[in-house]
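The structure appears below as structure tokens.
Residue numbers (this note's numbering): 1 to 129.
Here it is in structure tokens:
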């Protein structure tokens with residue numbers, strides 16, 4: 001007696017392709033190479049369309065980047081914005097942000113500038129919410 005298969009396993013066994021994984025449809029959202037801040041800076045939309053919720057520290061970092069015409073994140077500005085935040089905490093927050101973005105399938109274009117802070121080398125904008 002042969003085993004009975006059902007669902008996806010039966011389709012694969014019969015030579016049919018497995019169904020494609022579900023991908024959210026953000027067709028109404030721009031996916032054009034820009035990194036976008038949404039919902040008053042609490043959400044970061046990646047160029048691939050993925051969205052990440054930001055922590056308070058991450059949001060403060062992006063607020064500093066948006067204020068800077070050269071998209072630089074100067075450590076002293078973040079310290080003043082966050083009430084004397086120490087540099088270790090900032091570095092940890094940036095590391096965690098990079099990991100979140102990597103898990104979402106992208107590479108954060110935020111580069112360390114020795115003695116200054118960070119520079120965002122991608123296209124960054126804030127969309128009205």
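In this text, a Cβ means the ideal position worked out from N, Cα and C, and glycines have one as well.
In this structure, residue 81 sits near residue 64, with a CB-CB distance shorter than 8 Å. Annotated as distal: residue 93 and residue 126, with beta-carbon spacing of 8 Å or more. The beta carbons of residue 75 and residue 90 sit closer together than 8 Å.
By the C-beta density criterion, residue 118 is buried, having at least 16 other C-beta atoms within 10 angstroms.
Membership of residue 99 in the alpha helix (DSSP H) is indicated by the continuous run 87 to 103. Shortest Cα-Cα distance from residue 73 to any of 32, 111, 123 and 128 involves 111.
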